[in-house]
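A.B. asks: First the structure, which I've put down as structure tokens, then a few questions once you've had a look.
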Amino acid sequence: MHRTGELYGQFETLEQQREASSLGMWVFLITEVMFFGGVFLTYTINRAIYPAAFGIGSNTLDLRLGGFNTAVLIASSFTMAMAVWASQTGKKKLIPLFLTLTLVLGSVFLGVKVVEYAQKFEHHLVPGRSFQIDAHIENQAQKQELEAAFAKDPDLNAHAQLYFSLYFGMTGLHALHMLIGAGLLLWLIRESLRGRFTPQYNTPVEVVGLYWHFVDIVWIYLFPLLYLIDRHK
Amino acid sequence: MSEHIVSPKIYAGIFTTLMVFTGVTVYAAYVNLHKWNIVIALGIATFKATLVILYFMHARYSPRRTQLVIIAGVFWLAILLALTLSDYLTRVTIHG
Chain A
88 MHRTGELYGQ FETLEQQREA SSLGMWVFLI TEVMFFGGVF LTYTINRAIY
138 PAAFGIGSNT LDLRLGGFNT AVLIASSFTM AMAVWASQTG KKKLIPLFLT
188 LTLVLGSVFL GVKVVEYAQK FEHHLVPGRS FQIDAHIENQ AQKQELEAAF
238 AKDPDLNAHA QLYFSLYFGM TGLHALHMLI GAGLLLWLIR ESLRGRFTPQ
288 YNTPVEVVGL YWHFVDIVWI YLFPLLYLID RHK
Chain B
-12 MSEHIVSPKI YAGIFTTLMV FTGVTVYAAY VNLHKWNIVI ALGIATFKAT
38 LVILYFMHAR YSPRRTQLVI IAGVFWLAIL LALTLSDYLT RVTIHG
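Structure follows, in structure tokens:
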């Protein structure tokens, strides 16, 4: 694999070749939209059936960490967009710089996610035998709210586990996509240091950029859906 | 026709808008708007996603054929969500 932007036989122009590459990436991303769409659908149906359990589960999440991570991910999308710009305008030294910034921000996001997951283990909020929705609630108002919720729904503990199964499933799938993105970034950084990307040939930067922004969009929906239910209570 | 290069100024503007609306969505979540909380939250998320698609992902400057693929994808997602939810959300067991 040493493509540097020569024209392949099946294309008329370099322009057409480049458009075909990004079109191919978009088609892949549409399959990802359908994949995540099914997951979001599962979430929506379960939340509609058990609104109280989902609200209580959501309120146990750390909004500061979630909000911070949202900002970090949006910033990483910005630096990724700037890497694409640097490759299009031939600023060869800026390409690895912006790519590295993107990788660092992505790693910060994953690091915060590790902290959040660890808290869930400590607070008995990982679905399974030791799951207990009220294990870590000390606030008196929240305790009363929980008691009222238990009175209405004796299976609240089971239904809150549904919320946390979806929380781990959705954020886990998202984090897996981030890990793949980080691997792609490492490869792009190496290639950009070799000076492979020019205004004539920057398709890999553009296409990985599309992927990275897609992963950002998934989080843009995950954040309000997982962290912001019933916060006004 | 050569490829369209989006300027850093536009990227910075989009970045700032995304950050501001992240703040707005957190603020809105603390106000009790009853059923409207989820509508506002998803509305803001969709607005942010649209900005990312149009500018960061260059959809606004892409060829028509790419735009058609994106619109078709969103349309198919709408079918998935609308038809499934029109079943589940109208079942007696959920709201009864």
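Residue numbers (our numbering), protein chains in the order written: chain A, 88 to 320; chain B, -12 to 83. Think of the CB as a built atom: it goes at the ideal place given N, C-alpha and C, for glycine as much as any other residue. Keep in mind that this is a model prediction, so the values were computed, not measured.
1) Would you mind sorting B:M(-12) into buried or exposed? The rule is 16 or more other CB atoms within 10 Å of its CB.
2) Helix, strand or coil for A:L272, going by three-state DSSP, please let me know.
3) Is B:Y33 helix, strand or coil when you go by DSSP?
4) Is the beta carbon of A:L160 less than 8 Å from the beta carbon of A:D303?
5) Cβ of B:G83 less than 8 Å from any chain A Cβ?
6) Hey, would you say A:L85 sits closer than 8 Å to B:L68, going by beta carbons?
7) Go through the segment 151 to 238 of chain A residue by residue and report every complete run of the alpha helix (DSSP H) that reaches 4 residues or more, in order.
8) Less than 8 Å between C-beta atoms, sequence neighbours within five positions excluded: which residues of the same chain meet that for A:G256?
9) Suppose contacts are defined by Cβ-Cβ distances below 8 Å. Is A:R216 in contact with B:E(-10) by that definition?
10) What residues in the segment 129 to 146 of chain A bring their beta carbon closer than 8 Å to a beta carbon of chain B?
11) Can you check whether the CB of B:F43 is closer than 8 Å to the CB of A:A269?
12) Thinking just about the alpha-carbon of each residue, which of A:K180, A:K178, A:F165 is nearest to the one in A:L190?
13) Going by beta-carbon coordinates alone, are A:I220 and A:L243 separated by less than 8 Å?
14) Buried or exposed: where does B:A65 fall if 16 or more other Cβ atoms within 10 Å of its Cβ makes it buried?
15) With a threshold of 8 Å between beta carbons, is B:Y48 in contact with chain A?
16) A:E106 lies in the alpha helix (DSSP H); which residues open and close that run?
17) Using a Cβ-Cβ cutoff of less than 7 Å, which residues in the same chain neighbour A:Q229 once the five nearest sequence positions on both sides are dropped?
18) Buried or exposed for A:G296, please, with buried defined as at least 16 other CB atoms from any protein chain shown within 10 angstroms of its CB.
19) At which residues does the alpha helix (DSSP H) containing B:V73 begin and terminate?
20) In the DSSP assignment, the alpha helix (DSSP H) including A:F98 goes from what residue to what residue?
21) With three or more beta-carbon pairs closer than 8 Å as the criterion, would you say the segment 3 to 22 of chain B touches the segment 30 to 37 of chain B?
22) Cβ closer than 9 Å: which chain A residues qualify as neighbours of B:W63?
23) Of all Cβ atoms in chain B, is any one closer than 8 Å to the Cβ of A:F255?
24) Would A:K179 and A:G282 qualify as a contact pair, given that the criterion is a beta-carbon distance under 8 Å?
25) Grouping DSSP H, G and I as helix and E and B as strand, with all else coil, what is A:Y308?
26) Under 8 Å by Cβ, that's how I've got B:T12 and B:I25 pegged, so tell me the actual separation to the nearest angstrom.
27) Taking only beta-carbon positions, decide if B:M(-12) is within less than 8 Å of chain A.
C.D. replies: Per the coordinate set shown:
1) As a first step, residue -12 of chain B is located in the second sequence; it is residue number 1 there, counting from the start. Caution applies to B:M(-12), whose pLDDT of 42 falls short of 50 and renders its modelled position unreliable; the value that the coordinates give is listed next. The residue is exposed, with fewer than 16 neighbouring Cβ atoms inside 10 Å.
2) Numbered from its first residue, the first sequence carries residue 272 of chain A at position 185. A:L272: helix per DSSP, three-state reduction.
3) Here residue 33 of chain B refers to the residue found at position 46 of the second sequence. Reading off the sequence shown, one finds Thr at residue 33 of chain B, where the question assumed Tyr. In this structure, B:T33 counts as helix in the three-state DSSP scheme.
4) The sequence position of residue 160 of chain A within the first sequence is 73, counting from 1. The sequence position of residue 303 of chain A within the first sequence is 216, counting from 1. It is a contact, given that the beta carbons lie within the stated cut-off.
5) Mapped onto the second sequence, residue 83 of chain B falls at position 96. With a pLDDT of only 43 at B:G83, under the threshold of 50, the placement of this residue in the model should not be trusted, and no figure is reported.
6) Outside the modelled stretch of chain A, which goes from 88 to 320, sits residue 85 of chain A, for which no answer is possible.
7) Correct list: 181 to 209.
8) Your numbering for residue 256 of chain A matches position 169 in the first sequence. V126, listed in sequence order.
9) By one-based count along the first sequence, residue 216 of chain A stands at place 129. By one-based count along the second sequence, residue -10 of chain B stands at place 3. No, the pair does not count as a contact, with Cβ atoms beyond the cut-off.
10) Within the segment 129 to 146 of chain A, the residues whose Cβ lies closer than 8 Å to some Cβ of chain B are T131, I132, A135, I136, listed in chain order.
11) Taking the first residue of the first sequence as 1, we reach residue 269 of chain A at position 182. Taking the first residue of the second sequence as 1, we reach residue 43 of chain B at position 56. Not a contact, by the Cβ cut-off of 8 Å.
12) Position 103 of the first sequence, counted from the start, is the residue given in the question as residue 190 of chain A. The shortest C-alpha separation from A:L190 is found at A:F165.
13) Within the first sequence, residue 220 of chain A is the residue found at index 133, counting from 1. Within the first sequence, residue 243 of chain A is the residue found at index 156, counting from 1. Yes. Within cutoff.
14) Here residue 65 of chain B is taken as the residue at index 78 of the second sequence, counted from 1. Classification for B:A65: exposed.
15) Taking the first residue of the second sequence as position 1, residue 48 of chain B is located at position 61. For B:Y48, the answer is no, since every Cβ of chain A falls outside 8 Å of its Cβ.
16) One-based indexing of the first sequence puts residue 106 of chain A at position 19. Where A:E106 is concerned, the enclosing alpha helix (DSSP H) stretches over 101 to 136.
17) Position 142 of the first sequence, counted from the start, is the residue given in the question as residue 229 of chain A. Correct list: empty, nothing qualifies.
18) For this step, residue 296 of chain A is matched to residue 209 along the first sequence. Counting Cβ neighbours within 10 Å, A:G296 comes out buried, since at least 16 surround it.
19) Looking up residue 73 of chain B in the second sequence gives position 86. It is worth fixing the name first, because residue 73 of chain B is Ser in this sequence and not Val. Per DSSP, B:S73 belongs to the alpha helix (DSSP H) from 51 to 75.
20) Position 11 of the first sequence, counted from the start, is the residue given in the question as residue 98 of chain A. Judged by DSSP secondary structure, A:F98 falls outside any alpha helix (DSSP H); it is assigned neither H nor E.
21) They touch, by the three-pair rule.
22) Here residue 63 of chain B refers to the residue found at position 76 of the second sequence. Here the neighbours are I117, V120, M121, G124.
23) Numbered from 1 along the first sequence, position 168 holds the residue referred to as residue 255 of chain A. No, A:F255 lies away from the interface with chain B (no Cβ there is under 8 Å from its Cβ).
24) As a first step, residue 179 of chain A is located in the first sequence; it is residue number 92 there, counting from the start. As a first step, residue 282 of chain A is located in the first sequence; it is residue number 195 there, counting from the start. Closer than 8 Å, so yes.
25) Your numbering for residue 308 of chain A matches position 221 in the first sequence. Of the three classes helix, strand and coil, the one that applies to A:Y308 here is helix, per DSSP.
26) Taking the second sequence and counting its residues from 1, one reaches residue 12 of chain B at position 25. Taking the second sequence and counting its residues from 1, one reaches residue 25 of chain B at position 38. Contact flag wrong, Cβ pair sits at about 11 Å.
27) For the purposes of this step, residue -12 of chain B is identified with residue 1 of the second sequence, where counting begins at 1. Low confidence applies here, because B:M(-12) scores a pLDDT of 42, under 50, leaving its location unreliable and the question unanswered by this model.
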